[in-house]
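*Asks:* Position 65, counted from 1, in the sequence shown is what my numbering calls 59; the numbers after and before it change by one each time, with no gaps. Quick reminder that beta carbons are idealized off the backbone N, C-alpha and C, glycines included. Because the structure is a prediction, the values reported are computed rather than measured.
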Amino acid sequence: DGFIVLTDGGGIWKNFGKPDAKEMALVTPEYLLGTKAGKNFPGSMGPKIEAAIKFVQESSNPNAWAAIGDLRDAAKIMSNNEGTIVRHSNVPGGVVWRDAAIENPSQGE
């Protein structure tokens, strides 16, 4: 089972808009619930993250996933080259970060 949320702002970021910002490539619902994501995430991303968490947690399929990313990156989201995928399994430490220096070379300028 899969659920895709297409936005105008990309995936789930830590410290979005700051010099140390980094995007989550993969993340578990448990990690998100243990951070300020979900209901407490600022702005319009909160309901999107909450919906992704709920979908993965409530699916009867243990391999269920949800993806959040920019509308322009839909194909890249499916291959996990952009955006964030929320799933239960194969996420070391609960979160895998993208290398912002490689993927966003102008970040922080």
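With distances taken from CA atoms, which of N9, S54, G11, I43 is nearest T1?
*Replies:* Measuring from the Cα of T1, the nearest candidate turns out to be I43.
*Asks:* What separation, rounded to the nearest whole angstrom, lies between the Cα atoms of G88 and I79?
*Replies:* So the alpha carbons of these two residues sit roughly 12 Å apart.
*Asks:* Could you name the residues that DSSP lists as bridge partners for E17?
*Replies:* In the DSSP output, where bridge partners are listed per residue, E17 has W7.
*Asks:* Between the segment 4 to 17 and the segment 55 to 72, are three or more C-beta pairs nearer than 8 Å?
*Replies:* Yes, they touch.
*Asks:* Give the DSSP bridge partners of I79, in chain order.
*Replies:* For I79, which the question treats as bridged, DSSP gives the partners L20, A61.
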